[in-house]
Structure formats: C-alpha cells, structure tokens
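Student: Encoded as structure tokens, here's the structure I'll be asking about.
Residue numbers (the numbering used here): 197 to 342.
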C-alpha cells in the first residue's frame with residue numbers, strides 16, 4: 197500500500213474564508229427566522245405555521261417563507277462546503293470566487309423568498325453557476341488524484 201501526502205496551496209486561505217462566510221449565512225437567516233417567529237407568534241417546537249394559521253395571518257405566511265429559505269440554505273450547505281473544499285485543493289482562488297457567487301446567490305434566494313412571494317426566490321438562480329463551477333473543479337481534482 198502506498199501513501200501520499202497532501203499539501204494545501206498557499207492561497208487555500210481564500211477557500212477557508214469563503215467557507216466561514218458560507219457557514220455564517222444560515223446563522224444570520226436563523227436570526228431572521230426567530231424574528232419572524234416572534235412576529236407571527238408561532239411557538240416552539242412547531243417548525244412551520246399551519247395552513248389555517250397562514251390563511252388568518254400574513255405574518256404566519258411570511259414566517260413560513262423565512263423558515264423555508266433558512267431550511268433550504270441548510271440543505272445545500274453540506275454540498276457547498278464539500279465541493280468548495282475539494283475544488284479548492286488545486287484551484288483555491290477560482291473555487292473561492294465560485295463560492296462567493298454561490299453565497300451571493302443564496303442571499304438573493306433568501307431575500308426573494310422573504311418577500312412573501314416564493315416565486316421571487318428565483319432571483320438566486322445565479323447560485324447554481326457557482327455550484328457548477330465548484331462541481332467542475334472537484335471533478336478535475338478527483339481525476340488528478342486517481
């Protein structure tokens with residue numbers, strides 16, 4: 197069995213910085229969810245307002261939009277961090293730039309969703325350009341390590 201060592205490029209710090217911002221983004225969204233929860237008077241442990249609550253209260257409906265934007269960001273975080281780290285092994289600056297595009301796209305997605313019109317979440321579609329870039333860089337890295 198052979199062993200190999202892995203050394204990180206000097207500019208891998210950019211990847212780490214972008215990962216930190218990516219991890220902090222759901223924290224900010226979570227704080228927004230908590231604020232929307234208070235306004236809508238949705239008690240814990242309920243994750244979402246019921247359909248009946250939403251029909252009676254715009255705040256309850258908005259809470260669901262805030263909550264869904266937050267949840268979707270959490271659902272995408274593991275994929276993003278994994279591809280960012282893998283893609284950054286060989287091309288850290290390009291990976292970091294793709295990561296910034298993804299994070300900006302996530303912010304646009306969340307702010308669109310938080311308007312109360314879920315169709316406006318499409319504002320964040322640019323995130324997929326960043327994610328596809330990271331996927332390509334990760335595939336390139338995987339092939340080079342075979």
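Idealized CB from N, CA, C, for every residue including glycine.
Looking at C-beta atoms only, is the number of pairs between the stretch 246-256 and the stretch 271-288 that lie closer than 8 angstroms three or more?
Tutor: With a cut-off of 8 angstroms, the stretch 271-288 and the stretch 246-256 do not count as touching, because too few Cβ pairs lie within range.
Student: Name the two residues that bound the continuous alpha helix (DSSP H) containing residue 235.
Tutor: Segment 208-236, the alpha helix (DSSP H) holding residue 235.
Student: What are the uninterrupted segments assigned as alpha helix (DSSP H) that are 4 or more residues long and contained completely in the stretch 258-310, given in chain order?
Tutor: Runs of the alpha helix (DSSP H) inside the stretch 258-310: 288-309.
Student: What is the DSSP secondary structure of residue 245, reduced to helix, strand or coil?
Tutor: Note: residue 245 maps to coil in three-state DSSP.
Student: Let me check understanding here. Comparing Cα to Cα, which of 289, 342 and 302 lies closest to residue 204?
Tutor: The shortest C-alpha separation from residue 204 is found at 289.
Student: Please report the distance separating the alpha-carbon of residue 271 from that of residue 201.
Tutor: Roughly 32 angstroms separates the two Cα atoms.
Student: Tell me the DSSP secondary structure of residue 314 in three-state form.
Tutor: Looking at residue 314 - three-state DSSP - the assignment turns out to be helix.
Student: Can you tell me which of the three DSSP states residue 240 falls into?
Tutor: In this structure, residue 240 counts as coil in the three-state DSSP scheme.
Student: For a test of the three-state rule: what should DSSP assign to residue 204, helix, strand or coil?
Tutor: Coil at residue 204, not helix or strand.
Student: On the criterion of 16 or more Cβ atoms from any shown chain inside 10 Å, does residue 262 qualify as buried, or is it exposed?
Tutor: Flag for residue 262 reads buried.
Student: Return the CA-CA distance between residue 209 and residue 316, expressed in angstroms with no decimal places.
Tutor: Their backbone Cα atoms lie some 34 angstroms apart in a straight line.
Student: Quick check: the Cα distance between residue 234 and residue 240, rounded to an integer number of angstroms?
Tutor: So the alpha carbons of these two residues sit roughly 10 angstroms apart.
Student: Please identify the residue among 293, 230 and 225 whose C-alpha is closest to the C-alpha of residue 347.
Tutor: In the structure as shown, the chain starts at 197 and stops at 342, and residue 347 therefore has no counterpart that could be examined.
Student: Should residue 216 go down as buried or exposed, given a rule of 16 or more other Cβ atoms within 10 Å for buried?
Tutor: Burial call: exposed.
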